[in-house]
Structures are given as structure tokens and as C-alpha cells.
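Peer 1:
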Amino acid sequence: MIVEQPDIHGIMAEFSSAEELIDAVKAARDAGYHKMDAYSPVPVEELHDLLHIHDNRVSLFTLIGGLCGTATGFGLLSWTSSLAYPLNIGGRPLISVPMFIPITFETTVLFAGLTAAISMIWLNGLPMPYHPVFNVDRFANASRNKFFLCIEAEDHKFDRKKVADFLQSLDPDEVTEVAN
Amino acid sequence: METVDLSKAQPVELPDTIQVGPVVAHGHTLATVTDKIANVVLRRKIGFGWVFGLLIVFGIMQLLVVSAGWLFIKGVGVWGINIPVGWGFAIVNFVWWIGIGHAGTLISAILLLLNQSWRNSINRFAEAMTLFAVACAGMFPILHTGRPWLAYWLMPIPNTMSLWPQFRSPLDWDVFAVSTYLTISLVFWYVGLIPDLASLRDQAKKRYQQVTFGILSLGWRGSAFHWSRFEKASLLLAGLSTPLVVSVHTIVSFDFAVGIVPGWHTTIFPPYFVAGAIYSGFAMVLSLMIPVRKFYGMEDFITMRHLNNMAKLTLATGSVVAYGYIMEAFYGWYSANTYEFFMIKNRMLGPYAPAYWTLILCNVITPQFLWSKKIRTSPFTLWVISLVVNVGMWLERFVIVVTSLHRDFLPSSWQMYYPTIWDIFTYVGTIGFFLTAIFLFIRVLPMISIFEIRMLLPSVAREKAAVKQPVQEPVQ
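Chains A and B, in that order, give the protein sequences.
Position in the first sequence (first residue = 1) + 8 = the working numbering.
Position in the second sequence (first residue = 1) + 70 = the working numbering.
(1) Can you find the residues in the same chain that come closer than 8 Å, C-beta to C-beta, to V66/A, ignoring five residues on each side of it along the sequence?
(2) Using C-beta distances below 8 Å, list every residue in its chain close to V110/B, excluding the 5 sequence neighbours before and after it, in chain order.
(3) Which residues share a DSSP beta bridge with E369/B?
(4) Considering only C-alpha positions, which residue in the set T115/A, H62/A and D45/A is nearest to C158/A?
(5) Let me confirm a value: E179/A is counted as buried when at least 16 other C-beta atoms fall within 10 Å, else exposed. Which label applies?
(6) Strictly below 9 Å CB to CB, what residues from chain B border T88/A?
(7) Is the CB-CB distance between E466/B and L429/B below 8 Å?
(8) Applying the 10 Å Cβ sphere with the 16-neighbour rule, what's the burial state of S90/A?
(9) Under 8 Å, do V331/B and D493/B count as touching if we go by C-beta distance?
(10) Name the chain A residues whose beta carbon is nearer than 7 Å to that of H296/B?
(11) Could you give the uninterrupted runs of the beta strand (DSSP E) lying entirely in the stretch 146 to 184 of chain A, keeping only those of 3 residues or more?
(12) Considering only the beta carbon of each residue, do L175/A and I19/A sit closer than 8 Å?
(13) Just to confirm, are F509/B and G174/B a CB contact at a threshold of 8 Å?
(14) Quick one: which unbroken alpha helix (DSSP H) runs of 4-plus residues sit fully inside the stretch 159 to 197 of chain B? Chain order, please.
(15) Going by the beta-carbon positions, is the gap between V248/B and A205/B smaller than 8 Å?
(16) For the candidate residues G40/A, G77/A and A32/A, whose alpha-carbon lies nearest to that of L55/A?
(17) Here's a check: name, in chain order, each residue in its chain whose Cβ is nearer than 7 Å to the Cβ of N143/A, leaving out the five neighbours to either side.
(18) Counting only C-beta atoms, is T447/B closer than 8 Å to chain A at any point?
(19) Between the stretch 145 to 174 of chain A and chain B, which residues of the former have a C-beta closer than 7 Å to a C-beta of the latter?
(20) In whole angstroms, give me the CA-to-CA distance for A327/B and T215/B.
(21) Got a sec: is the Cβ-Cβ distance from T70/A to anything in chain B below 8 Å?
(22) Look at the alpha carbon of I501/B and the alpha carbon of A172/A, and state the distance between them as a whole number of angstroms.
(23) What I want to know is whether the C-beta of G97/B ends up closer than 7 Å to one or more non-hydrogen atoms of the ligand GDP.
(24) V541/B to E27/A, Cα distance in whole Å?
(25) Going by DSSP, what residues sit across from V328/B in a beta bridge?
(26) Whole angstroms is fine: what's the gap from N64/A's alpha carbon to F155/A's?
(27) Pick from G388/B, P421/B and V94/B: whose alpha carbon is nearest that of I348/B?
(28) If you draw a straight line from the C-alpha of N152/B to the C-alpha of I116/B, how long is it?
(29) Pull the bridge partners of E186/A from the DSSP assignment, please.
(30) In chain A, what lies closer than 7 Å to R299/B by C-beta?
(31) Assuming I103/A and F237/B make a contact with CB atoms under 8 Å, what is their CB distance in whole Å?
(32) If I'm right that L475/B touches W157/B with Cβ under 8 Å, what's the distance once you round it to whole angstroms?
(33) Just to confirm my understanding: we take R363/B, look at its own chain, exclude 5 residues before and 5 after, and list those with CB closer than 7 Å. What are they?
(34) For F210/B, which of F495/B, E301/B, Q273/B and M463/B has the nearest alpha-carbon?
(35) Expressed to the nearest angstrom, what Euclidean distance is found between the alpha-carbon atoms of P544/B and G91/B?
(36) Restricting to Cα atoms, I'd like to know which of F300/B, A160/B and A138/B is closest to Y487/B.
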């Protein structure tokens, strides 16, 4: 079977509530579509399972960032105090661990926090000034009060006519083609 | 047997007698919430009141410019500090400002982890307050170093003299704590702003607004994939900020507690300082939010419930602080240490006794009015009380810094401390800076988190609760 190469990003349906969006995503999944994305003005937790979003990399990177911070902080203090600039203060140990804890803690939090924010932005593919979904005029409401489901043209089952009919059957407010 | 249909379950609501009304006024929808908050930034005309207010606070800020300039020329001798009172106003103001910042982090991080959804209406504003307060705080130690243009020596920067900061000093811990706190607060604030910046971008009609918010929102689309990572990152940042905020004021208290000066060298300092910080911070949130809520008609989102809850938190943290004062006095006597006992007597009866008793009046007596629900739900009275608490918390730091230093171990080195006009100008100038920043903030960014208010709407919240509960089959 030769699949027609579509010149569009996908087909988008607009809904008025999170419940309708959840039902639509369920129906689309049951109909066998995989490449799709849901857009909403509020986070909708139920979509994570439905869209198979199981990305724990933000947490993992944050952990790694935090450990790097610990190593950097403690390393800096130990190196400066024992090798770079040793100060003998009344014979106290050069690497005085309890006194190093506060700064080590701060560098841990600093590195972990920055990694959490940067990895969130980076894994989300941001900054991305242009994206096809912005071609839909009504998509401006995705950040206001409307919920959108977009079945993307990359889906192996994608067929312009069938997808449009399928989305229409879900009783949306509107169905639009998303130009690429 | 009676059955419960959990699919129709509603979020647990305490009766109105306890809650004092809803978190968001009735009748709002996703669209009205977005428009109402976004319009303050996008469409509201720049009014005379705002310009007038900004000019006043901007004028006050010039006191900071002038007094800092004079300090650069003449050195710290223009201030009233002397030996033994080397710390004076600069450190009093530093601790006061940084304490004010702490309520913002408490609201944005700790209340998020505790699932206190009412904080959604006030977290954005409180976080902005944190940033500006920490910026004010940061100026004082830098000015106090005497040669502020060399302040970067505090950072661990490799240099040709092979010198490093003294990493075992709480003063250097402060450098790390405060700079980390400022950075993480800024990052947390910006991450929380991204979805709202996207709303502003989409609602904007003017080209420059579309471009500015378009760049700032990084192309946020509200995709489920975005939200998933976003929520994870927010939760992680909240989890990191919570111990961070405690560590910051703990380290500030170490500046004192690690010294051997009577009245400073006590183990109660870290918890007592953290509670005092949150106490003053909540007072400042109330002092700022009550007028802003009124002038910008935000009573629908910052309801009586918020004022009531914040007043309760003020009362609770105020009680912890009161306990701290009692324990300080008790330790002075119970330690059987001549110097400690002298210090507490000197505080209560010495030359600075008026400051001490005013502080007790402001911080211990005044908040007792908050036991009354009538006062907690009367914005004007609450506003006055919050201002009194702000004054009281400033006096607390003044009493701690000055009364301990001015009469320590040797009577031969006793000396009185009086601030000069430059001390006062610098302090008042930072208040001008702080208020200028607040004035600009409320007009250029959404002062209330739009997407988090959407989550509070009954339609959204109920769906959430309904889906979360497993649906039980009715038992026959």
C-alpha cells in the first residue's frame, strides 16, 4: 500500500473541557493512532498514561546535577584548604568536614536546581519559536480556555480523510488541518 | 447497606465557618480568569495613580543612589558604626530583608509540597517579593565591606595572589547561601512563568508585546509532554527550595551564633531566625497584597480565605518567635553566666530598652489580635497589623545586633551606637528600590499565576478529584 505523503503537520480537533479531551485521546488510542499530542491550558495528569509519557529524565538529570554540585563544592573546599592555600589554624585539620557542609549543601542545591530547569526546557525542545500548531488561528486559545488534540501526519495510519472524519465523530468544537 | 458513589466525589471542603469563603470567587471560567489577569499587563491603561506612586517610590530610591555614592567616596565612616558596634544598620537591614524573602519561598515551595492549593493565587507575587527583597539584602554586606568594588573577592575566583576566601567562616557561607538562594528563586520563578508568558503571547494584540512574550515564553505550546516535564521540574525545584530556604536563614543565624558574643552564642538561633524570617515575610506579603488586591480588583482571586490563612500563619510563626524571646530571657538567667545574664538585663533595662519593649509590643502583643476571626477578615486592620509586625521584626534585628555588641565583656570597651543620616538614607533607599521593582512587576508580568488559578476552578478541580478516585461498583 502506498501511503500518500501528506504536506500537513496533522489534523487538530478542539474541545471545551479536559474531560472531553481525555475521552478523545482514549478514542484515538483505541482507533490505533499513536503519533498525537494533546494541548491544554492546565496540566492534565490523566493524559500522561494515555499518551505514554513516561519520561523520568528530568529527575535523573537533576540527581546527576546535584551529585556534581556536591563533588564540586566539596572538591573546591578540600583542594583549596589542603593544597592550594593550606592554613594552619591552631593545628586543626586542613580538611575540616563539618565546616565544609554548608557550602557543599549550597552548591548541591544550586547545581541540582539549575539542572532541573535547564533539562526541563531542553527536553521539551524549547526554545522553539516556530511550530506548525501555531498556524491554527484558534490555537491561541490553547493557553486560555480550549483543549486540543492533534493527530500527526507522521502516524503510520494517517489518512487525511479518515482522520478528519474520525475527529469529527468525537463531537469537537472544530476540526482543522494544521499546515506544516 | 448505604453506598457511596465516589465517581461524583468532590474535593474535601471544610465548612465555610472555618474556611471563610472560596479560593476563587464563584462564576469564573477558564476564559475569564485568563483575561482578567492578563489584561492588567496587556490592555489596562497606565493610570495616574500608578505613575504617581511609581514616581514617589522612584524618588525614594534616589536616596540609595546618593547615600551609596557618598559611601563610595568617603568609606564606611559615614555610617554610625564604631568599635565595638561594627555591624550596625547594614547587618540589621541585611537580616531583615532576607527574612522578608523567605515567605515567598515558603508559599511557592513548602505549601506546594504540602498540597495547599490556595497558595496558587499568591505564589507569583510572593516569589517576586522574594527576589526583590533578596536583591535589597545582598546590597548591604557588599556596601559594608568598605571597598564594595572589590566585593567579587568574596567569590572563589582564582587570582594572581593565589588567595582564597576563608571557607570556614559563616560570613563566606552567607555568600554561597544568598547567591544560591537568589539564583534558585529566580529560576523557580521563571519556570513557573513560562506557561503564563505563553498566555500573554497568545492574548497580546500589540506587536511588541507579541514579540517580547513570544521570546520569553520560549515557544511553550501547552503540550501534554511539556506539562509532564514541567510539573516534574516544578516539584523538584520546590523540593530543593524547601531545605534551601531553611539553610539560608540558618546560615544567617550562624553569622551570630558562631561568634562568642553574649546573646548571640545560643543554639536556639537557627530555628528562631527561620521562624522570624517567615513571620516577617508573611507580614510583608500582607502589607503588599492588601493594597494591590484592592487597586487592581483582584478580590476574586485573593479572597478573604487567603487573608485569613496568611493571618493564621503570621500568628503561628509569631508565636514561635515569642517563644524564642522567652527562651532567650530564660537562658540568660538559667545559664548562670554573668555575661549572658547581664546581656538580657541590659536589653530589658539598658539604654536600648525602649527598642526592646517596642519590639515586644509589635511582635508579641499585636499579633494576638489575630486570634479574632473578625480581625483576620478585615483587610484594613490586618494591613495595619502587618505593618506593625514589619517594624517589630526590624527592631528585633536591631536589638540582637546592637545590644549584644555595645556592651560585651569589658566595660572599658563599651560604646553607644547611633545611626547617622546616611544609615537611614541607605535603608529607606532600599525600601524605595523594593517598591519600585514591585510597581514595575505588577504592570509587566502577570502578578497572579494564571495557569495555577485555572487549576483552582471548580470545573477543573472537580474533574481531577473525580478521576483520581477509583470508581467503586455499588455493593448490592
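Where a beta carbon is used, it is the ideal one built from N, C-alpha and C, also for glycine.
The structure presented is a predicted model; accordingly, all values stated were derived computationally and were not measured.
Peer 2: From the atom records:
(1) The residue you call residue 66/A lines up with position 58 of the first sequence. Cβ within range, chain order: A124, S127, M128 and L131.
(2) Locating residue 110/B in the second sequence gives position 40, counting from the first residue. Contacts found: Y366, I512, R513, P516 and M517.
(3) Here residue 369/B corresponds to residue number 299 of the second sequence, with the count starting at 1. Note: E369/B sits in no beta bridge, so no partner.
(4) Indexing the first sequence from 1 puts residue 158/A at position 150. The candidate whose alpha carbon is nearest that of C158/A is D45/A.
(5) Residue 179/A sits at position 171 when you count from the first residue of the first sequence. Checking the sequence shown, residue 179/A turns out to be Asp, not Glu. It counts as exposed.
(6) As a first step, residue 88/A must be located in the first sequence, where it is residue number 80. Listed along chain B, the residues sitting closer than 9 Å to T88/A by beta-carbon distance are P226, W234, P235 and F237.
(7) Looking up residue 466/B in the second sequence gives position 396. Looking up residue 429/B in the second sequence gives position 359. The answer is yes: Cβ separation under 8 Å.
(8) Translated into positions along the first sequence, residue 90/A becomes position 82. Exposed is the call here.
(9) Residue numbering aside, residue 331/B sits at position 261 when the second sequence is read from its first letter. Residue numbering aside, residue 493/B sits at position 423 when the second sequence is read from its first letter. No Cβ-Cβ contact shorter than 8 Å links V331/B with D493/B.
(10) Reading the second sequence from its first residue, position 226 is the one you call residue 296/B. Those within 7 Å of H296/B in chain A are N132.
(11) 155 to 160
(12) Within the first sequence, the letter at position 167 stands for residue 175/A. Within the first sequence, the letter at position 11 stands for residue 19/A. For L175/A and I19/A, yes; Cβs fall inside 8 Å.
(13) Counted from its first residue, the second sequence places residue 509/B at position 439. Counted from its first residue, the second sequence places residue 174/B at position 104. Cβ atoms of F509/B and G174/B: not closer than 8 Å.
(14) Look at the stretch 159 to 197 of chain B and you find no whole run of alpha helix (DSSP H) that is 4 residues long or longer.
(15) Residue numbering aside, residue 248/B sits at position 178 when the second sequence is read from its first letter. Residue numbering aside, residue 205/B sits at position 135 when the second sequence is read from its first letter. No, they are not a contact pair.
(16) In the first sequence, counting from the first residue as 1, residue 55/A sits at position 47. It is A32/A.
(17) As a first step, residue 143/A is located in the first sequence; it is residue number 135 there, counting from the start. Sequence-distant partners of N143/A (beyond 5 residues in either direction) whose C-beta falls short of 7 Å from its own C-beta, in its chain, are V186 and A187.
(18) In the second sequence, the residue the question calls residue 447/B occupies position 377. By this cut-off, T447/B is not an interface position.
(19) A148, A150, S151, R152 and N153
(20) The count along the second sequence starts at 1 and reaches residue 327/B at position 257. The count along the second sequence starts at 1 and reaches residue 215/B at position 145. Rounded to the nearest angstrom, the two C-alpha atoms are 20 Å apart.
(21) Translated into positions along the first sequence, residue 70/A becomes position 62. Output row for T70/A: interface = yes.
(22) For the purposes of this step, residue 501/B is identified with residue 431 of the second sequence, where counting begins at 1. For the purposes of this step, residue 172/A is identified with residue 164 of the first sequence, where counting begins at 1. Cα to Cα, I501/B sits roughly 59 Å from A172/A.
(23) With respect to small molecules bound, the structure shown includes none, and the ligand GDP cannot be examined in it.
(24) Position 471 of the second sequence, counted from the first residue, corresponds to residue 541/B. Position 19 of the first sequence, counted from the first residue, corresponds to residue 27/A. With a pLDDT of only 44 at V541/B, under 50, the local geometry of the prediction cannot be trusted, and the value read off the model is given with reservation. The alpha-carbon atoms of V541/B and E27/A are separated by roughly 16 Å.
(25) The residue you call residue 328/B lines up with position 258 of the second sequence. V328/B pairs with nothing; no bridge assigned.
(26) As a first step, residue 64/A is located in the first sequence; it is residue number 56 there, counting from the start. As a first step, residue 155/A is located in the first sequence; it is residue number 147 there, counting from the start. The alpha-carbon atoms of N64/A and F155/A are separated by roughly 25 Å.
(27) Counting from one through the second sequence, the residue named residue 348/B turns up at place 278. Checked all of G388/B, P421/B and V94/B; the closest Cα to I348/B is G388/B.
(28) Along the second sequence, read from residue 1 onward, the residue named residue 152/B stands at position 82. Along the second sequence, read from residue 1 onward, the residue named residue 116/B stands at position 46. Straight-line Cα distance between these residues: approximately 47 Å.
(29) Against the first sequence, residue 186/A aligns to sequence position 178. First, the amino acid is wrong: residue 186/A is Val here, not Glu. Per DSSP, G18/A.
(30) What you label residue 299/B is simply residue 229 of the second sequence in a count that begins at 1. The answer, in chain order, is D63, V66, M128, L131 and N132.
(31) For the purposes of this step, residue 103/A is identified with residue 95 of the first sequence, where counting begins at 1. For the purposes of this step, residue 237/B is identified with residue 167 of the second sequence, where counting begins at 1. About 11 Å separates the two Cβ atoms, so there is no contact after all.
(32) Counted from its first residue, the second sequence places residue 475/B at position 405. Counted from its first residue, the second sequence places residue 157/B at position 87. Between L475/B and W157/B a beta carbon distance of about 6 Å is seen, short of the 8 Å cut, so the two are scored as contacting.
(33) Locating residue 363/B in the second sequence gives position 293, where the first residue counts as 1. Around R363/B: E369 and I372.
(34) For the purposes of this step, residue 210/B is taken as residue 140 along the second sequence, with counting starting at 1. Closest option to F210/B, Cα to Cα, is F495/B.
(35) The count along the second sequence starts at 1 and reaches residue 544/B at position 474. The count along the second sequence starts at 1 and reaches residue 91/B at position 21. Because P544/B sits at a pLDDT of 48, beneath the cut-off of 50, its placement in the model cannot be relied upon, and the point is left open.
(36) Working through the second sequence from its first residue, we reach residue 487/B at position 417. For Y487/B, the nearest C-alpha among the options comes from A160/B.
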